[in-house]
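Trainee: Just dropping this structure here.
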Amino acid sequence: MGIETSLVGQKGKEFCEFPKETTNPRLKKNRRRQRKQTMIQTVFETCKEVFSNGRTGFVPRPEDVERLRSVLDRLKPSDVGLSPDMRYFRAEETERTPVITYLHLHECEKFSMGIFCLPPSGVLPLHNHPGMTVFSKLLFGAMHMKSYDWAIEKPCSSVSISGALQIEGKVAQLAKLQVDADFTAPCDTSILYPAAGGNMHCFTALTACAIVDVLGPPYSEPDGRHCTYYLEYPFDSFSVDGIAVPEDEKESYSWLQEREKPEDLAVVGAIYSGPKIVEV
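Going left to right, the sequence shown walks through residues 0 to 279 as numbering that gives the first Met the number 0 numbers them.
The following block contains the structure:
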């Protein structure tokens, strides 16, 4: 999920300072790291290894995917200094869409790490992850996830929207539903790939929840990895020559159309205050 750079200007990149070594500094440093290694540090170091060859379209080896998934599966709210009673997760009586808070953990050209903090009813709208492999770990709470991949096996899978639904220069493209389900922590880390696994997804908070997002590589407009948002329409909304699916499969297909960033989407940056990540 991409957010504006200005929202995360304060990234909280603070590093732990250790006492000066007097004898055998390398051995003492290694022992100290082994003794004080935090779970979020383990996540960071695993990401460095898994995404060491990260680039647009890069997919880690299956064994590396499982290794990172296993580490994220063990991550708990306390490992990143979060709890449901924090201000990020409070529901406010307002007519506007709940404000979502993003805690920046790390970003480099290979991967990024962050946490989305959603109050009840908070929504990260349908968006894509071009050329990325994404790991999403629900730390606590419950959410609904809906995700799609492009239905590339279907011929002629795009059509101009006409009438009242027309948006100039935009087309609706056929997509196949991959996930449409509720998730409650603790649950397995979800993974999406550049062309599979639900590359376009949206999250809706059923309760206050926190989601750790690991993207490899991260969003980058200069490299063509721009976050795009979508509207979705039922398959039966349009009749297109050459496109047909069995009646019992129609609910598995939708037309997705690019849209501008939703005006009611409010994502603000905040300083991460949990255990620090040491970039060694």
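All C-beta atoms, glycine included, are put in the ideal place defined by N, C-alpha and C.
Just the C-alpha distance for L171 and Y147, rounded to the nearest angstrom, thanks.
Mentor: In the sequence under discussion, the amino acid at residue 171 is Ala, which differs from the Leu named in the question. So the alpha carbons of these two residues sit roughly 14 Å apart.
Trainee: If you count every other CB in all the chains shown that lies within 10 Å of the CB of T183, and 16 or more means buried, which is it?
Mentor: Its Cβ having fewer than 16 others within 10 Å, T183 is exposed.
Trainee: Determine the contact status of G53 and F110, defining contact as a CB-CB distance below 9 Å.
Mentor: A contact, by the Cβ cut-off of 9 Å.
Trainee: DSSP three-state label for R60, please.
Mentor: Coil, per DSSP.
Trainee: Which value, in whole angstroms, describes the spacing of the CA atoms of P261 and H128?
Mentor: Answer to the nearest angstrom: the Cα atoms are 17 Å apart.
Trainee: Just to confirm, is the Cβ distance from S135 to D212 under 9 Å?
Mentor: Taking 9 Å as the Cβ cut-off, S135 and D212 qualify as a contacting pair.
Trainee: Below 8 Å, how does it come out for the stretch 74-94 and the stretch 250-261: are there three or more Cβ pairs, yes or no?
Mentor: With the cut-off at 8 Å, the stretch 74-94 and the stretch 250-261 do not touch.
Trainee: Helix, strand or coil, according to DSSP, for Y101 in the structure here?
Mentor: Y101 falls in the strand class under three-state DSSP.
Trainee: Output the residue ranges of the beta strand (DSSP E) runs that lie fully inside the stretch 165-227 and measure 3 residues or longer, sorted by chain position.
Mentor: Qualifying beta strand (DSSP E) stretches, in chain order: 170-183, 189-191, 199-204, 208-215.
Trainee: My assumption, with CB atoms under 8 Å, is that P292 sits in contact with M131. Please give the rounded CB distance.
Mentor: Nothing can be reported for residue 292, as the shown portion of the chain is limited to 0 through 279.
Trainee: Just tell me which of A207, R224, A180 has its CA closest to the CA of G215.
Mentor: G215 has its Cα closest to that of R224, out of A207, R224, A180.
Trainee: Would you mind giving the Cβ-Cβ distance between L191 and V133, rounded to the nearest angstrom? I have them listed as a contact below 8 Å.
Mentor: With 8 Å as the limit, L191 and V133 qualify as a contact, their Cβ atoms being about 5 Å apart.
Trainee: Please state whether DSSP places E92 in a helix, a strand or coil.
Mentor: Correct three-state label for E92: coil.
Trainee: I need the boundaries of the alpha helix (DSSP H) containing T281, first residue and last residue.
Mentor: Past the edges of the chain, shown from 0 to 279, lies residue 281, and the structure says nothing about it.
Trainee: Quick check on the burial criterion: 16 or more other C-beta atoms within 10 angstroms. Buried or exposed for K140?
Mentor: Correcting the residue identity first, residue 140 is Gly in this sequence and not Lys. Flag for G140 reads buried.
Trainee: Identify the residues that DSSP records as bridge partners of Y232: which are they?
Mentor: For Y232, which the question treats as bridged, DSSP gives the partners W254.
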